[in-house]
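Visitor: Quick one: structure below, then a few questions.
There are 2 protein chains.
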Amino acid sequence: MTLTIVGIGLIGGSLGITLKENGFATRVIGVDAKPENLHKATRRRLIDAEMSLAEGVAVADVIILATPVDAMRKLLPEILDRVGDHQTVVDVGSTKELLLTELEGHPNRGRFVACHPMAGTEFSGPEAALPNLFAGKMCVIVDGDESAPDALDTARRLFKSAGMTLSRLDRQAHDLHCAYVSHISHIASFALALTVLEKEKDEQRIFDLASSGFGSTVRLAKSSADMWIPIFRQNRDNVLDVLDEHIEQLSRFRTQLIKRDFDGFYERIERANEISKILQ
Amino acid sequence: MTLTIVGIGLIGGSLGITLKENGFATRVIGVDAKPENLHKATRRRLIDAEMSLAEGVAVADVIILATPVDAMRKLLPEILDRVGDHQTVVDVGSTKELLLTELEGHPNRGRFVACHPMAGTEFSGPEAALPNLFAGKMCVIVDGDESAPDALDTARRLFKSAGMTLSRLDRQAHDLHCAYVSHISHIASFALALTVLEKEKDEQRIFDLASSGFGSTVRLAKSSADMWIPIFRQNRDNVLDVLDEHIEQLSRFRTQLIKRDFDGFYERIERANEISKILQ
């Protein structure tokens, strides 16, 4: 099977190497607006050949769209305009509502399967691609009823071959839950990095004291603005909703400190500890 | 050398096993207010014998105080009342200002070395103890000029034998910098856990979506209230100072979302990314 990956970054590159290694793809084509990404991907053997979008779509059995989510809004209709009934298009984006709403009525809508593999690291670009990024993680298929059964089946086999567990959500639920669990974590981490950079002018000191757990809490603050700004733009209302709650939770800790209400603070830490039951 | 550890939890237990294995201690005595902690520590071979505080202090060359920081305020003067010039007492607490201020004028002040090994996990108790917890991490020695030179030398050799790098701060600077880097990370993580638990009533959904980076950001939210409430109580003013800054940083993100100022949001993510230069 020939696989064309549009956007050879962390996720696209990792899918390329994973699906070639496990035999799902016999040939992996890379398409990217940035020539240097293609060159890096070729040097790292994430892809077998570099092509233009038109060429890459023409030769593919399966096309994976792995660009930032703003570029997807433009590229997805262009790609679907060119595909036939034997081809399947999947995306890997973190927001779905706007993309799918804009796609309504497209004559080839059925060839597209909206997918969100919940895997990643704080790094980006083809240099960050990893072969085992997806194993054991969850992939959400969104509004799967709108995809043709054979396209859906192809997408399911693709992500299962990478070791992923499949789950289904509709587009509104997907964007809401991703805001509640994933997107707020990134904002919290960006804000924590800014807080420490603002208060702690001595950079050596941050490094010295970072083994205190700061490192893991702030890990996501290394994430790329090019990837995340389009997500926050598209999922703004849901993100605002959960961000309000987060500020409220922090403000309650603030009030408890001001009032020296350490019994109340203790109870809320014990409640927060319950997250370990869920996360294992 | 006989080592007595008062408080056989994550840090005390880890020091017991590390210092026995590397030969710094020939015998490790455990003292703990909770008999079940001592039994667990014995079963896990973290300690060689269980004793009362009086017995443990009497036989020790070095005494490590590894209880929560509120218990230290009571125990440290009691221990120093009993030690002679051949004995060294070190603590491992996360706050120093109140402890050291209360200790001023104690006739045996010189036998005590205030230490903060910057190592830990989100788990607690002797069952969480690890032999390699300290290697490559930083240990801060606080107000070292107030310790007798031989006691200071013993403390330095102890933490160096565990693979730690040493650093020095005065008590005010220590508590301030720990609030700025470590303590705020824990509050941010507790608040994120509470946010997600509040918004996301479906626990299975949290689990499904947690591979999105939520897990690392919320890792510290599993930390023990018994350990952290005394730290927040003792370091309240510094924690309030940095918590205000953190709420301000989040509120700025909120304002930028409301105003759809995504250019400004982008710039602030790029600024947050600078944390990676410091953390490596």
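First to last, the protein sequences are chains A and B. Following my numbering, the numbering of the first sequence begins with 197 at its first residue and continues without gaps. Following my numbering, the numbering of the second sequence begins with 197 at its first residue and continues without gaps. The C-beta atom is built at its ideal place from N, Cα and C for all residues, glycine as well. This structure is a prediction, so every number in the text was calculated from the model and none was measured.
Answer yes or no: does any C-beta atom of chain A fall closer than 8 Å to that of B:T200?
Guide: As a first step, residue 200 of chain B must be located in the second sequence, where it is residue number 4. No, B:T200 does not count as interfacial toward chain A.
Visitor: List, from N- to C-terminal side, the alpha helix (DSSP H) runs of 4 residues or more that fit wholly inside the region 341-372 of chain A.
Guide: 345-357, all fully within the region 341-372 of chain A.
Visitor: Which term fits A:E318, buried or exposed, when burial requires 16 or more other beta carbons within 10 angstroms of its beta carbon?
Guide: For this step, residue 318 of chain A is matched to residue 122 along the first sequence. Buried, by the Cβ-count rule.
Visitor: Could one say the Cβ of A:S357 lies closer than 8 Å to chain B's Cβ atoms, at least one of them?
Guide: Residue mapping note: residue 357 of chain A aligns to position 161 of the first sequence, counting from 1. No, no contact with chain B.
Visitor: Can you tell which of B:L294, B:Q452, B:G226 has the C-alpha that lies nearest to the C-alpha of A:L440?
Guide: Looking up residue 440 of chain A in the first sequence gives position 244. The question names Leu, yet the displayed sequence has Asp at residue 440 of chain A. If we check each option's Cα against that of A:D440, B:Q452 comes out closest.
Visitor: On the DSSP bridge assignment, give the partners of B:L271 in chain order.
Guide: Walking along the second sequence from the start, residue 271 of chain B turns up at place 75. Bridge partners of B:L271: none, in fact.
Visitor: With three or more beta-carbon pairs closer than 8 Å as the criterion, would you say the region 303-318 of chain B touches the region 329-345 of chain B?
Guide: At 8 Å Cβ cutoff, the stretches touch.
Visitor: Give me the chain B residues within the contact set of A:C311, using Cβ-Cβ distance strictly less than 8 Å, ordered along the chain.
Guide: Locating residue 311 of chain A in the first sequence gives position 115, counting from the first residue. Going along chain B, no residue has its Cβ under 8 Å from A:C311, so there is no contact; the nearest lies around 14 Å.
Visitor: Going by DSSP, what residue range makes up the beta strand (DSSP E) through B:G226?
Guide: For this step, residue 226 of chain B is matched to residue 30 along the second sequence. Note, B:G226: beta strand (DSSP E), 223-227.
Visitor: By how many angstroms is the C-alpha of B:N233 removed from the C-alpha of B:G226?
Guide: As a first step, residue 226 of chain B is located in the second sequence; it is residue number 30 there, counting from the start. As a first step, residue 233 of chain B is located in the second sequence; it is residue number 37 there, counting from the start. Using only the alpha carbons, I get a separation of about 9 Å.
Visitor: Return the CA-CA distance between A:D433 and A:T297, expressed in angstroms with no decimal places.
Guide: Against the first sequence, residue 433 of chain A aligns to sequence position 237. Against the first sequence, residue 297 of chain A aligns to sequence position 101. Each residue's Cα considered, the two are about 16 Å apart.
Visitor: Could you tell me whether the Cβ of B:N218 comes closer than 8 Å to any Cβ of chain A?
Guide: In the second sequence, residue 218 of chain B corresponds to position 22, counting from 1. False, the Cβ-Cβ gap to chain A never drops below 8 Å.
Visitor: Anything in the region 421-439 of chain B with a Cβ closer than 7 Å to a Cβ of chain A? List those residues in chain order, please.
Guide: Answer in chain order: A421, W424, I425, F428, R429, R432, V435, L436, V438, L439.
Visitor: Could you have a look at B:P313 and say whether DSSP puts it in helix, strand or coil?
Guide: Taking the second sequence and counting its residues from 1, one reaches residue 313 of chain B at position 117. In the structure shown, B:P313 sits in a strand (DSSP, three-state: E or B).
Visitor: Mind pulling the chain A residues with CB within less than 8 Å of B:L416?
Guide: Position 220 of the second sequence, counted from the first residue, corresponds to residue 416 of chain B. Residues of chain A passing the Cβ test: G409, S412, T413.
Visitor: Please identify the residue among B:E466, B:H373, B:K473, B:K216 whose C-alpha is closest to the C-alpha of B:L354.
Guide: Indexing the second sequence from 1 puts residue 354 of chain B at position 158. Among B:E466, B:H373, B:K473, B:K216, the Cα nearest to that of B:L354 belongs to B:K216.
Visitor: Keeping to the same chain, check which residues put their C-beta closer than 7 Å to that of A:P322; ignore five residues upstream and five downstream.
Guide: The sequence position of residue 322 of chain A within the first sequence is 126, counting from 1. I204, G205, G209, N233, K236, A237, R240, L242, listed in sequence order.
Visitor: When the Cα atoms are used, what is the spatial distance from B:L390 to B:H379?
Guide: Residue mapping note: residue 390 of chain B aligns to position 194 of the second sequence, counting from 1. Residue mapping note: residue 379 of chain B aligns to position 183 of the second sequence, counting from 1. Cα to Cα, B:L390 sits roughly 17 Å from B:H379.
Visitor: With C-beta atoms as the reference, is A:V224 less than 8 Å away from A:T263?
Guide: To locate residue 224 of chain A, count along the first sequence from 1; it is residue 28. To locate residue 263 of chain A, count along the first sequence from 1; it is residue 67. Cβ atoms of A:V224 and A:T263: not closer than 8 Å.
Visitor: Taking one C-beta from the region 366-382 of chain A and one from the region 396-413 of chain B each time, how about it: are there three or more such pairs within less than 8 Å?
Guide: With a cut-off of 8 Å, the region 396-413 of chain B and the region 366-382 of chain A count as touching, because enough Cβ pairs lie within range.
Visitor: Looking only at its own chain, which residues have a Cβ that is under 8 Å from the Cβ of B:D457, when we skip the five neighbours before and after it?
Guide: Numbered from its first residue, the second sequence carries residue 457 of chain B at position 261. T451, listed in sequence order.
Visitor: Between which residues of its own chain and B:A358 is the CB-CB distance below 6 Å, once the five residues before and five after are set aside?
Guide: Stepping through the second sequence from its first residue, residue 358 of chain B is reached at position 162. Closer than 6 Å at Cβ, skipping near neighbours: T214, F330.
Visitor: Taking B:I443 as the query, report the chain A residues whose CB atoms sit under 8 Å from its CB, ordered along the chain.
Guide: Counting from 1 along the second sequence, the entry for residue 443 of chain B is found at position 247. Those within 8 Å of B:I443 in chain A are I443, L446, S447, R450.
Visitor: If we ignore side chains and look at the alpha-carbon of each, how far apart do A:V265 and B:S385 end up?
Guide: Locating residue 265 of chain A in the first sequence gives position 69, counting from the first residue. Locating residue 385 of chain B in the second sequence gives position 189, counting from the first residue. Each residue's Cα considered, the two are about 28 Å apart.
Visitor: Between A:L261, A:I454, A:T200, A:N218, which has its C-alpha nearest A:A254's C-alpha?
Guide: For this step, residue 254 of chain A is matched to residue 58 along the first sequence. It is A:T200.
Visitor: Strictly under 8 Å for the Cβ-Cβ distance: is A:N328 near chain B by that measure?
Guide: Your numbering for residue 328 of chain A matches position 132 in the first sequence. With 8 Å as the cut-off, A:N328 does not count as an interface residue toward chain B.
Visitor: Taking only the alpha-carbon atoms, compute the straight-line gap between A:A250 and B:E470 and give it to the nearest angstrom.
Guide: For the purposes of this step, residue 250 of chain A is identified with residue 54 of the first sequence, where counting begins at 1. For the purposes of this step, residue 470 of chain B is identified with residue 274 of the second sequence, where counting begins at 1. A:A250 and B:E470: Cα-Cα distance of roughly 38 Å.
Visitor: The alpha helix (DSSP H) with B:I471 in it runs from where to where?
Guide: Along the second sequence, one-based indexing puts residue 471 of chain B at 275. Counting along the chain, the alpha helix (DSSP H) containing B:I471 begins and ends at 471-475.
Visitor: Run through DSSP, which three-state label would B:L261 get?
Guide: For the purposes of this step, residue 261 of chain B is taken as the residue at position 65 of the second sequence. DSSP places B:L261 in strand when its eight states are reduced to three.
Visitor: Determine whether the Cβ of A:E293 lies closer than 8 Å to any Cβ atom of chain B.
Guide: Looking up residue 293 of chain A in the first sequence gives position 97. Chain B, which has no Cβ nearer than 8 Å to the Cβ of A:E293, makes this no.
Visitor: What number of angstroms, rounded off, separates the C-alpha of A:G332 from the C-alpha of B:D349?
Guide: Working through the first sequence from its first residue, we reach residue 332 of chain A at position 136. Working through the second sequence from its first residue, we reach residue 349 of chain B at position 153. Straight-line Cα distance between these residues: approximately 49 Å.
Visitor: Rounding to the nearest angstrom, what Cα-Cα distance links B:S420 and A:R429 in this structure?
Guide: As a first step, residue 420 of chain B is located in the second sequence; it is residue number 224 there, counting from the start. As a first step, residue 429 of chain A is located in the first sequence; it is residue number 233 there, counting from the start. Spanning the two alpha carbons is a distance of roughly 37 Å.
Visitor: By DSSP, does B:V338 sit in helix, in strand, or in coil?
Guide: Position 142 of the second sequence, counted from the first residue, corresponds to residue 338 of chain B. B:V338 falls in the strand class under three-state DSSP.
Visitor: Output yes if chain B places a C-beta closer than 8 Å to the C-beta of A:G316; else output no.
Guide: Counting from one through the first sequence, the residue named residue 316 of chain A turns up at place 120. At least one chain B Cβ lies under 8 Å of A:G316.
Visitor: At what residue ranges does the region 388-429 of chain B contain a whole run of the alpha helix (DSSP H), taking only runs of 4 or more?
Guide: Listed in chain order, they are 399-405, 410-413.
Visitor: How long is the line joining the alpha carbons of B:Q445 and A:E274, rounded to whole angstroms?
Guide: Here residue 445 of chain B refers to the residue found at position 249 when the second sequence is read from its first residue. Here residue 274 of chain A refers to the residue found at position 78 when the first sequence is read from its first residue. One C-alpha to the other measures close to 39 Å.
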